[in-house]
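To keep things clear, I will list the structure first and then write my remarks on it.
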Amino acid sequence: MSERLVVIGSQWGDEGKGKITDYFACKADMVVRYQGGNNAGHTVVFDGHKYSLQSIPSGIFNPKTVNVMANGMVVNPVSVIAELERLHSQGITDYQLYISDRAAMVMPWHSALDGAYEALKGGAQIGTTKKGIGPAYSDKYSRVGLRVGDLLEPEYFAERLQGALEEKNMELKMLGLETFDFDQVYAQYMDIASKIGHMICDTSALINKALESDAKVLFEGAQGMMLCIDHGTYPYVTSSTPSSASVPVGAGVSPKWIDNVLGVAKAYCTRVGEGPFPTELFDQRAIDIRERGHEYGTVTGRPRRVGWFDAVVARYVSRLAGIDNWALMLFDVLSGLDKVCICTGYELDGEIIDNPPATIARLARCKPVLIELDGWKEDISDVKEFDALPEAAKAYVRKIEEVTGVKVGIISVGADRSKTIIIDEKLKKF
Ligand code: IMP
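In case it helps, our numbering puts the sequence shown at residues 60 to 489.
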């Protein structure tokens, strides 16, 4: 029987999923990405080298691991080729990568439209990555999108492209943007097909075969639960569902396979882009944490907003995604603070509430109810076991478990693979 592990972001993205998926990818037979696109930015560090991935799964560094970009993703083939070229230039040439024939494609007009829609919003911008993710998902649901598998059928691709361009060029013209020429786009995408055609297949069949064998299958989420289109801080969200709940649809597998969900959460919180962030810090502590944690966006380079660990969010996410364990990331970054805080509730209009409200208007009025704990001064980046952590650091971890109701299964104390404390026995065995 296969072993499964789902790794998801539990805050606003950038929690360090890249490191965790890479850690398990070394042992996994298959790594599957099931939502999002090249809006994600995963940094993986090992053997003194730093690699950055956008849409390619984190198992790409292990020649034995089968990497799958599944149907729930929006795939930008231009980005995939650029990512592969970058990996080649860093010496990563031996890998296995498959792309779903049913995945929607991000086309060049999608990023143009993403930028234009943002500009139209005036002061109410979402702060998207401008990679065209929202417009690509919109086209998928409007049934005007092109799919990766279309590339394998040139005549059919031409027909779909013609249809899409008729609609999209009209919209681009209305917005005062450059339109796209059929012949040029067709030639470009046929060239793309010649480069990645051999990777395109029915990935659902591939994944199910692995699940039915004794393979270890890792499902790699992108972004974070608070950016979920359904359950996040709408409209300041991405356009997919980063939850473990979207694995079955996004990978083409039965829900019965989903268990062992690891929620990746920073020991504090960060957010890029706009939208309410109840535990946000605005003083020197935010600057210190930002600098120590190198909190700048991998995709856009934007400085990330910084705040305390939010247990309201953590409990909400655990309820929605069935979190079995937390992977508590960047724990070493908190060293040196006199006091550390955890948000246990929100105060909204004089009342204490236990769940994030649905509207931004209300969330923006929420004030964090904070508990304050002693900080620790020691550098913990070389600590290998939970018991060797300073008492105050252990107390912080125990408090997170208490206020979220979920055990901390992993603690990360540095970017490198080796700086990972695995506590949970099941995770040790994966
Ligand atoms: P989009 O996904 O580019 O449409 O951006 C929508 C929102 O999600 C923006 O606030 C982005 O900054 C945020 N976002 C998208 N992908 C990521 C990610 O991988 N990490 C963190 N934030 C992200």
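Glycine included, every Cβ here is placed at the ideal spot set by N, Cα and C.
Within 10 angstroms of its Cβ, does TYR215 collect 16 or more other Cβ (buried), or is it exposed?
Position 156 of the sequence shown, counted from the first residue, corresponds to residue 215. The residue in question, TYR215, is exposed, as its Cβ has fewer than 16 Cβ neighbours within 10 Å.
Report the CB separation of ARG202 from ARG161 in whole angstroms; it is logged as a contact under 8 Å.
Taking the sequence shown and counting its residues from 1, one reaches residue 202 at position 143. Taking the sequence shown and counting its residues from 1, one reaches residue 161 at position 102. With 8 Å as the limit, ARG202 and ARG161 do not qualify as a contact, their Cβ atoms being about 13 Å apart.
If we ignore side chains and look at the alpha-carbon of each, how far apart do PRO136 and GLY150 end up?
Position 77 of the sequence shown, counting from 1, holds the residue named residue 136. Position 91 of the sequence shown, counting from 1, holds the residue named residue 150. The alpha-carbon atoms of PRO136 and GLY150 are separated by roughly 21 Å.
The beta strand (DSSP E) with PHE278 in it runs from where to where?
As a first step, residue 278 is located in the sequence shown; it is residue number 219 there, counting from the start. 275-279 is the span of the beta strand (DSSP E), which, as asked, contains PHE278.
Going along the chain, which unbroken runs of the beta strand (DSSP E) with 3 or more residues stay wholly within the segment 371-429?
384-388, 398-407 and 410-412
Contact defined as beta carbons within less than 8 Å: I believe MET132 pairs with GLY95. What is the distance between those atoms, to the nearest angstrom?
Residue mapping note: residue 132 aligns to position 73 of the sequence shown, counting from 1. Residue mapping note: residue 95 aligns to position 36 of the sequence shown, counting from 1. Confirmed, about 6 Å.
THR418 CB to nearest heavy atom of the ligand IMP below 7 Å:
On the sequence shown, residue 418 is found 359 positions in, with the first residue counted as 1. Not so, every heavy atom of the ligand IMP lies at least 7 Å from the Cβ.
Using 8 Å for Cβ pairs, my map puts PRO337 next to LEU422. What's the rounded Cβ distance?
What you label residue 337 is simply residue 278 of the sequence shown in a count that begins at 1. What you label residue 422 is simply residue 363 of the sequence shown in a count that begins at 1. Correct: roughly 7 Å between the Cβ atoms.
Delimiting residues of the beta strand (DSSP E) encompassing GLN155:
Residue numbering aside, residue 155 sits at position 96 when the sequence shown is read from its first letter. Element bounds for GLN155: 155-159.
Tell me whether ASP173 sits in a helix, a strand or coil according to DSSP, three-state version.
Numbered from 1 along the sequence shown, position 114 holds the residue referred to as residue 173. Looking at ASP173 - three-state DSSP - the assignment turns out to be helix.
Just the Cα atoms here: how many angstroms apart are GLY222 and TYR196?
Within the sequence shown, the letter at position 163 stands for residue 222. Within the sequence shown, the letter at position 137 stands for residue 196. If you take the alpha carbons of GLY222 and TYR196, they lie about 17 Å apart.
CB-CB under 7 Å to GLN184, same chain, minus the five flanking residues each way: which ones, in chain order?
Here residue 184 refers to the residue found at position 125 of the sequence shown. So the list reads GLU177 and GLU333, once near-sequence residues are dropped.
Let me confirm a value: LEU112 is counted as buried when at least 16 other C-beta atoms fall within 10 Å, else exposed. Which label applies?
For the purposes of this step, residue 112 is taken as residue 53 along the sequence shown, with counting starting at 1. The residue is buried, with at least 16 neighbouring Cβ atoms inside 10 Å.
In three-state DSSP terms, what is GLU339?
Indexing the sequence shown from 1 puts residue 339 at position 280. The answer is strand: DSSP assigns GLU339 an E or B state.
With hydrogens ignored, establish whether the beta-carbon of ASP369 is closer than 7 Å to any heavy atom of the ligand IMP.
For this step, residue 369 is matched to residue 310 along the sequence shown. No.
Ignoring anything shorter than 4 residues or poking outside the segment 77-135, list the alpha helix (DSSP H) runs there in chain order.
none
Could you check the C-alpha separation between ILE481 and GLY75 for me, to the nearest Å?
For the purposes of this step, residue 481 is identified with residue 422 of the sequence shown, where counting begins at 1. For the purposes of this step, residue 75 is identified with residue 16 of the sequence shown, where counting begins at 1. Using only the alpha carbons, I get a separation of about 15 Å.
Kindly provide the ranges of any beta strand (DSSP E) runs that are 3 or more residues long and lie completely inside the segment 258-305, ordered along the chain.
275-279
Buried or exposed for TYR157, going by 16 or more other Cβ atoms inside 10 Å?
Within the sequence shown, numbered from 1, the residue matching residue 157 stands at position 98. Buried: at least 16 other Cβ atoms inside 10 Å.
Among all the DSSP beta bridges, which residues are the ones paired with TYR455?
Residue 455 sits at position 396 when you count from the first residue of the sequence shown. The partner list for TYR455 (beta bridge, DSSP) is empty, contrary to what the question assumes.
Hey, SER568 and ALA417: beta-carbon distance below 8 Å or not?
Residue 568 lies beyond the range of the chain shown here (60 to 489); nothing can be said about it.
Is LYS190 near the ligand IMP - that is, is its Cβ less than 7 Å away from at least one heavy atom of it?
In the sequence shown, counting from the first residue as 1, residue 190 sits at position 131. Yes, the ligand IMP has a heavy atom inside 7 Å of this Cβ.
Pull up the DSSP beta-bridge partners for PRO314, would you.
Numbered from 1 along the sequence shown, position 255 holds the residue referred to as residue 314. DSSP lists no partner for PRO314.
Buried versus exposed, by CB contacts within 10 Å (16 or more), GLY409:
Locating residue 409 in the sequence shown gives position 350, counting from the first residue. Exposed.
Does the beta-carbon of GLN282, which I'm using as the reference point, lie nearer than 7 Å to any heavy atom of the ligand IMP?
Looking up residue 282 in the sequence shown gives position 223. Under cutoff, so the answer is yes.
Taking 7 Å as the cut-off, is the CB of ASN98 close to at least one heavy atom of the ligand IMP?
By 1-based counting over the sequence shown, the position of residue 98 is 39. Answer for ASN98: yes, Cβ within range of the ligand IMP.
Based on the DSSP output, what are the partners of ARG206 in its beta bridges?
In the sequence shown, residue 206 corresponds to position 147, counting from 1. BP columns for ARG206 point to ALA163.
Looking at C-alpha atoms only, which residue of ARG457, VAL399 and ASP369 is the closest neighbour of PRO427?
Locating residue 427 in the sequence shown gives position 368, counting from the first residue. Of the candidates ARG457, VAL399 and ASP369, the one whose C-alpha sits nearest the C-alpha of PRO427 is ASP369.
With 16 as the cutoff for other CB atoms within 10 Å, does ARG330 come out buried or exposed?
As a working note, residue 330 is residue 271 in the sequence shown. Looking at its Cβ environment, which holds 16 or more other Cβ atoms inside 10 Å, ARG330 is buried.
In this structure, does DSSP put VAL472 in helix, strand or coil?
Locating residue 472 in the sequence shown gives position 413, where the first residue counts as 1. In this structure, VAL472 counts as coil in the three-state DSSP scheme.
If we ignore side chains and look at the alpha-carbon of each, how far apart do LEU448 and ARG424 end up?
Taking the sequence shown and counting its residues from 1, the one referred to as residue 448 is at position 389. Taking the sequence shown and counting its residues from 1, the one referred to as residue 424 is at position 365. So the two alpha carbons sit approximately 37 Å from each other.
Do SER298 and the ligand IMP come close, with the Cβ less than 7 Å from some heavy atom?
Within the sequence shown, the letter at position 239 stands for residue 298. Flag set: Cβ of SER298 near the ligand IMP.
Regarding ILE255 and the ligand IMP, is the C-beta to nearest heavy atom distance less than 7 Å?
On the sequence shown, residue 255 is found 196 positions in, with the first residue counted as 1. Incorrect: ILE255 has no Cβ contact closer than 7 Å to the ligand IMP.
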